[in-house]
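If you're matching positions, the sequence shown starts at 50 in the working numbering and goes up one per residue. A virtual CB, placed ideally from N, CA and C, is assigned to each residue, including glycine. Quantities reported herein were computed from a predicted structural model and do not represent experimental measurements. First comes the structure, then the notes that go with it.
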Amino acid sequence: MNQALRSENANASGGTSHPPFHFDYVEVDGGSKNAHAFEHAGFSFIVVTRPLVEMLWDLSRRLSQSALVLQLLGIDREVVRLEAFQALLFQWELAFVVSHEYTHHIHRHSGSSSDRLWSEFTGSRPPGELEHQAQELDADGYALYLTLANYVRGAARQNALAQVGMQNCTGLQGDEFLITGFFVALTALFCSLWPENVPLESVSQRPHPPAPVRIEHAIRIAAMWSNQNTSVPESWFSSERFQAIYLAATSAVNGGGRPQWDSLVAFLRGEVGAAYYRELSDRFEVVRKAGEETVRVKPTHSQPA
Ligand SMILES: [Zn+2]
50 MNQALRSENA NASGGTSHPP FHFDYVEVDG GSKNAHAFEH AGFSFIVVTR PLVEMLWDLS
110 RRLSQSALVL QLLGIDREVV RLEAFQALLF QWELAFVVSH EYTHHIHRHS GSSSDRLWSE
170 FTGSRPPGEL EHQAQELDAD GYALYLTLAN YVRGAARQNA LAQVGMQNCT GLQGDEFLIT
230 GFFVALTALF CSLWPENVPL ESVSQRPHPP APVRIEHAIR IAAMWSNQNT SVPESWFSSE
290 RFQAIYLAAT SAVNGGGRPQ WDSLVAFLRG EVGAAYYREL SDRFEVVRKA GEETVRVKPT
350 HSQPA
């Protein structure tokens, strides 16, 4: 990971100047899952706590053993080593998380304190403070660009396909497999990170937008990426396809949590939820434009992770 961050193409950060990156895992008391981005002693640090890494590992194991996931991706468990598939899912999750933190650095998102420490999970925020959630969507979007660039069009493509016996999948067939697999991992990740039993009225006070919002946003961004990189057509991003991905992914998430998602989606379609979503979208547009000013060049073939 550090090698990738050190050889990070200037194109990926759009020429934004920043101290050299350093990635590491950290031990924490109390088992809290977290990731941090901060500058210290001449380095841009990206750190992930050990409980979060362990959660990613456990999640990728569950996904790799889910009959629904294997069926969706056309992976034959008699032929493919499930440990290799687990490793690929884990790589996707970790690459996404690190690219997300990387974006907080290069888009200069303002942390909660004056020393520019950005922490993913820092408890609740005052009502109406949606700036932070909008920055999270921005970090998701750019991380998605970087991860797809690397795994679908970049250096990691062939290894990723070979890892699960799909080396003969070429062209768009390979793209379809990789984008589907990545979205299985991403959907499961977003659902796992949303705590259970969040009262609907306090959705806007969480550090991140709820999982259905992050998933929908990610689908939109992936469709944009595909269009710009001549990958799968717009029609490929159908709600039926992503419903199947969602069902397969949540089959492996601890507890599944489906009733909770149903009530969340119903809330987002209601008056209060729709107003929240509109305001979040407006804030996101502002953050996105600011990010574009910081990073003028969208990456196409480089990724830090
Ligand atoms: Zn974040």
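- DSSP places residue 86 inside the beta strand (DSSP E), whose first and last residues are 84–89.
- Relative to the Cα of residue 76, the nearest Cα in the group 338, 284, 96 belongs to 96.
- By the Cβ-count criterion, residue 56 is exposed, with fewer than 16 other Cβ atoms from all chains shown falling within 10 Å of its own Cβ.
- Closer than 8 Å to some heavy atom of ligand 1: that describes the Cβ of residue 188.
- Here residue 288 is actually not in contact with residue 117; their C-beta atoms are around 18 Å apart, not less than 8 Å.
- Note that the C-beta distance between residue 157 and residue 135 is not below 9 Å.
- For the options 328, 113, 144, the alpha carbon positioned closest to that of residue 131 is the one of 113.
- For residue 93, the enclosing beta strand (DSSP E) starts and ends at 92–98.
- Residue 149 has its Cβ nearer than 8 Å to a heavy atom of ligand 1.
- The residues 158, 336, in chain order, have a CB closer than 7 Å to that of residue 184 in the same chain once the five nearest residues on each side in sequence are set aside.
- Within a 10 Å sphere around the beta-carbon of residue 318 sit fewer than 16 other beta-carbons, which makes this residue exposed.
- By the neighbour-count definition (other C-beta atoms within 10 Å, threshold 16), residue 261 is a buried residue.
- Taking the Cα positions, residue 295 is about 13 Å away from residue 308.
- Nearest to residue 78 by C-alpha distance, out of 88, 99, 254, is 99.
- Annotation for residue 72: the continuous beta strand (DSSP E) segment containing it runs 70–75.
- Shown here, residue 285 sits in a helix according to DSSP, grouped into three states.
- Residue 133 has its Cβ no nearer than 8 Å to any heavy atom of ligand 1.
- In this structure, residue 275 sits near residue 224, with a CB-CB distance shorter than 9 Å.
- Apart from the 5 residues on each side of it in sequence, residue 259 sits with its Cβ closer than 8 Å to the Cβ of 243, 247, 252, 313, 317 in its chain, given in chain order.
- In the structure shown, the three-state DSSP call for residue 106 is helix.
- Remark: the shortest separation between the CB of residue 254 and any heavy atom of ligand 1 does not fall under 8 Å.
- Under the criterion of beta carbons closer than 8 Å, residue 189 and residue 263 qualify as touching, at roughly 6 Å.
- Under the DSSP assignment, residue 155 falls in the alpha helix (DSSP H) whose first and last residues are 131–155.
- Not one heavy atom of ligand 1 lies closer than 8 Å to the C-beta of residue 243.
- Annotation: residue 315 to residue 250 spans about 13 Å, alpha carbon to alpha carbon.
- Under a 10 Å Cβ-count criterion, residue 233 is classified as buried, with 16 or more other Cβ atoms of the shown protein chains found around its own Cβ.
- Shown here for residue 104: same chain residues with a beta carbon closer than 6 Å to its own, the five before and five after excluded, namely 82 in chain order.
- The C-beta distance from residue 193 to residue 271 rounds to 6 Å, short enough to fall under 8 Å.
- The C-alpha of residue 73 is placed about 28 Å away from the C-alpha of residue 339.
- One Cα belongs to residue 207, the other to residue 216, and the distance between them is close to 7 Å.
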